[in-house]
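Following: one structure in C-alpha cells, then a few remarks.
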Amino acid sequence: MDAPFLDGRPKRLLIGGEWVAASSGRTFDSINPSTGKVIGEIADAEVADVDAAVAAARRAFEGPWSRFTPQDRQNILLKLADIIEQNIDDLRLLDVLDMGAPIRRTRRSNRVVETLRYFAGWATKLHGETVPNSLPGSVFSYTLKEPVGVCASIIAWNGPLGATLSKIAPVLATGCTTVVKPAPEASLTALRVGELIQELGLPPGVVNIVTGGGNVGAALAEHPDVDKVAFTGSSATGQKIVRAAAGNLKRVSLELGGKSPHVIFADANLEAALPVASNAVFGNSGQVCYAGTRVFVERPVYEEFVSRMSDIANSLVVGNSVDEATDIGPVVSQAQLDRVTGYLEIGRKEGVRTAAGGSRAIEGDLAHGYFVAPTVFADVRDEMRVAQEEIFGPVASVLPFDSFDEVSRRANLTAFGLGGGVWTRDIGRAHALAASIKTGMVWINSYGLGDPAMPHGGTKMSGWGSEYSIHGLDEYLDVKAVWIRTDV
Ligand code: NAD
C-alpha cells in the first residue's frame with residue numbers, strides 16, 4: 003500500500019510559500035517502522051533555513067496577514083477543514099507508513115477536522131473586555147487580545163496529523179504565523195499538510211515548515227525573532243527549550259511526557275475497565291503521552307485484573323500497521339525499540355513479575371520492523387524505574403493497593419502530572435480521587451476522552467499551559483490594557 007505523496011521525490015522545506023531544498027543540500031531518510039525500509043527522503047534544514055523561515059513568518063505577520071479580518075480567518079480554517087477532510091484517507095496512510103500508527107486506529111475519530119472547525123469558530127469571537135475601574139475622575143479602561151506573533155511549533159512523532167493541525171489551528175485563528183518543526187521520525191504528514199495549506203492561498207510565510215533534527219528545534223527555541231514556542235515532546239527537551247527561550251523571554255507552552263496513574267477500585271465495572279485500561283497503555287504501542295502506564299488495582303481484584311489484562315495483551319494482534327487486523331503496530335524507530343526493550347530488561351532486573359509479553363516480537367516478517375509484544379509487569383513497586391520513568395512503549399506496570407488514602411498518595415509519587423484515571427461505582431470516591439490526583443487531566447470510568455472544547459495539558463514535569471479549548475487559544479494571545487482619561 004502506498005500513499006500518492008510518496009512519489010520518490012525528495013521532500014523540501016516550505017519557506018515563504020515556496021518549496022526549497024535545505025541550504026546545505028543535505029537530506030535524511032524516513033523509515034517505515036513496520037518494515038525498516040526507507041520510504042522518503044527529506045530536507046535536513048540548518049540554522050540558515052530556520053532564519054529564512056522565521057523572517058518569512060515575520061514578514062507575513064506584520065504585512066498582508068495582519069489585514070485579514072476575523073471572518074477571513076474563520077473562513078480559511080473552515081476551508082482547511084474541508085480540504086483535510088477530503089484528503090483524510092491519504093493523510094492517515096502517511097501516519098500509518100511513517101510512524102507506524104495501526105490503520106484501524108487512525109480511523110477512530112474525525113478529531114483533526116473537528117478541531118479545525120472548532121478553532122474556526124473562535125476566530126470571530128476573540129475580544130477584550132471593558133473593565134470598570136475604581137479610579138477617581140473619568141477614566142475608561144478596556145483590554146485588547148492581540149496575536150503573540152511568530153510562533154515556533156515543535157512537535158513529537160507519536161501522532162503526526164493531530165499534532166500538526168492542533169498547532170496550526172490556533173495560529174490561524176488568532177492571526178499569528180508559524181514555523182512548524184515536525185519530528186524527524188515522522189515528518190511526511192506535516193509536509194503533506196503544508197501542500198494542502200498552499201491551496202488556501204494564504205499570504206506567503208503564514209505557515210512555514212522546516213524539517214530536521216534537534217538542532218533545528220533548538221535554533222527556533224533560541225531565535226530572537228520568535229515570540230512563542232509551542233512544544234510537544236519529552237520533558238528533557240522541554241527543559242532545554244525553557245533555557246533556550248530565556249534569551250528574549252519568548253512565551254513557552256509545553257506538552258511533555260507522563261507516567262499516568264490509572265486507579266481501579268474493587269467495586270469497578272471490570273468488564274468495562276479492562277479493555278479501556280488495556281487500550282490506555284497498549285494503544286499506539288504505548289506511544290501516547292497520557293498513556294495510563296501505572297495501573298493501581300485494589301487488592302481484592304488484583305490477581306484477577308493482572309490475569310485478565312494479560313489475556314487481553316496476549317490476544318492483541320501485533321503486525322504491520324497497514325493490515326486491517328493489526329491492533330498493535332511497531333514502535334517508531336530502532337532507537338525507540340532499543341529504549342523500550344532496555345526497560346523490559348530493567349524491569350526484570352528490578353524483580354517484577356512478567357505476566358504477559360516482555361520481549362520484542364520477531365515472528366515472521368515482524369523481525370524486519372520494530373515490534374514489541376504488549377507487556378504486563380505485575381508486582382511493581384513505586385520506587386522502581388519502570389514505575390517512575392516514561393517508557394513510551396506497550397508496557398503496563400500493575401501495582402496493588404489497599405485503601406483510598408494510600409492510593410491517593412501513591413498516585414502522585416512521580417515527577418509527572420499529565421493524565422489519570424479512576425474506576426469505581428462510588429461517585430463520591432471518584433470525585434475525591436479526581437481532586438487529589440495532581441495532573442492536568444483525569445478521566446472517571448473512562449480514559450483518554452478528548453474534545454477540542456476541553457483543555458489538554460499537564461502539570462509538574464508534564465508541561466506548561468494547555469492545548470485546545472479557550473485556554474489553549476489564550477497561549478497564542480497577549481492581553482493589552484488600554485486606559486483613557488475622558489475628562490481632558
Ligand atoms: P523529543 O523531545 O525527543 O522531540 C520532540 C521534538 O523536539 C522533535 O521535533 C525534536 O526534533 C525536537 N527537539 C529535539 N531536541 C531539541 C532541542 N534541544 N530544542 C528544540 N527542539 C528539539 O520527543 P519525542 O521523542 O519526539 O516524543 C516523545 C515525547 O513526547 C514523549 O515524552 C511524550 O510523552 C511526549 N508527548 C507529549 C504530548 C502531550 O500532549 N503532553 C503529546 C505527544 C507526545
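End of the sequence shown = 490 in my numbering, gap-free, step of one.
C-beta: ideal position from N, C-alpha, C; glycine also.
The model shown is predicted, which means the values in this text are computed figures rather than measured ones.
Length of the line joining the Cα atoms of residue i and residue j
i           : j           : result
residue 493 : residue 355 : For the chain, the structure presents residues 3 to 490; residue 493 sits outside this window and is missing.
residue 75  : residue 83  : 12 angstroms
residue 48  : residue 130 : 39 angstroms
residue 169 : residue 489 : 45 angstroms
residue 229 : residue 378 : 44 angstroms
residue 344 : residue 427 : 38 angstroms
residue 288 : residue 479 : 33 angstroms
residue 412 : residue 453 : 29 angstroms
residue 290 : residue 419 : 14 angstroms
residue 135 : residue 148 : 22 angstroms
residue 198 : residue 266 : 44 angstroms
residue 203 : residue 194 : 16 angstroms
residue 36  : residue 330 : 11 angstroms
residue 108 : residue 142 : 52 angstroms
residue 246 : residue 384 : 33 angstroms
residue 59  : residue 268 : 55 angstroms
residue 165 : residue 221 : 20 angstroms
residue 260 : residue 32  : 27 angstroms
residue 429 : residue 406 : 13 angstroms
residue 7   : residue 298 : 44 angstroms
residue 271 : residue 232 : 39 angstroms
residue 192 : residue 162 : 7 angstroms
residue 315 : residue 100 : 25 angstroms
residue 18  : residue 111 : 33 angstroms
residue 333 : residue 392 : 14 angstroms
residue 43  : residue 410 : 49 angstroms
residue 483 : residue 159 : 39 angstroms
residue 460 : residue 140 : 43 angstroms
residue 364 : residue 353 : 25 angstroms
Heavy atom of the ligand COA within 6 angstroms of residue i beta-carbon
i           : result
residue 234 : Inclusion of the ligand COA in the displayed structure is not the case, the ligand content consisting of the ligand NAD alone.
Residue i beta carbon near the ligand NAD (any heavy atom closer than 6 angstroms)
i           : result
residue 156 : yes
residue 492 : Residue 492 is absent from the model: the chain starts at 3 and stops at 490.
residue 477 : no
residue 450 : no
residue 257 : yes
residue 159 : yes
residue 185 : yes
residue 282 : no
residue 215 : yes
residue 417 : no
residue 242 : yes
residue 288 : no
residue 24  : no
residue 436 : no
residue 359 : no
residue 279 : no
residue 223 : yes
residue 220 : yes
residue 153 : no
residue 291 : yes
N- and C-terminal bounds of the alpha helix (DSSP H) containing residue i
i           : result
residue 477 : It is not in any alpha helix (DSSP H) - residue 477 carries neither H nor E in the DSSP assignment.
residue 240 : 237 to 246
residue 114 : 113 to 125
residue 255 : No alpha helix (DSSP H) holds residue 255; the beta strand (DSSP E) holding it covers 253 to 257.
residue 82  : 72 to 88
residue 268 : First-last for residue 268: undefined, no H or E at that position.
residue 488 : Segment: none, residue 488 is in no alpha helix (DSSP H) and carries neither H nor E.
residue 195 : 190 to 200
Extent of the continuous beta strand (DSSP E) to which residue i belongs
i           : result
residue 144 : 141 to 149
residue 429 : No beta strand (DSSP E) contains residue 429, which is instead part of the alpha helix (DSSP H) from 429 to 438.
residue 34  : 29 to 34
residue 234 : 230 to 234
residue 43  : 39 to 45
residue 20  : 20 to 22
residue 169 : Here residue 169 belongs to no beta strand (DSSP E); instead the alpha helix (DSSP H) covers 162 to 176.
residue 179 : 179 to 183
residue 300 : 296 to 300
residue 393 : Per DSSP, residue 393 belongs to no beta strand (DSSP E) and is neither H nor E.
Would you call the stretch 130 to 148 and the stretch 62 to 71 in contact, with 3 or more CB pairs under 8 angstroms?
no
Should the stretch 203 to 212 be called in touch with the stretch 177 to 195, which here means at least 3 C-beta pairs below 8 angstroms?
In the pairwise beta carbon analysis, the stretch 203 to 212 is classified as touching the stretch 177 to 195: at least three pairs are separated by under 8 angstroms.
Contact between the stretch 391 to 406 and the stretch 361 to 371: three or more CB pairs below 8 angstroms?
no
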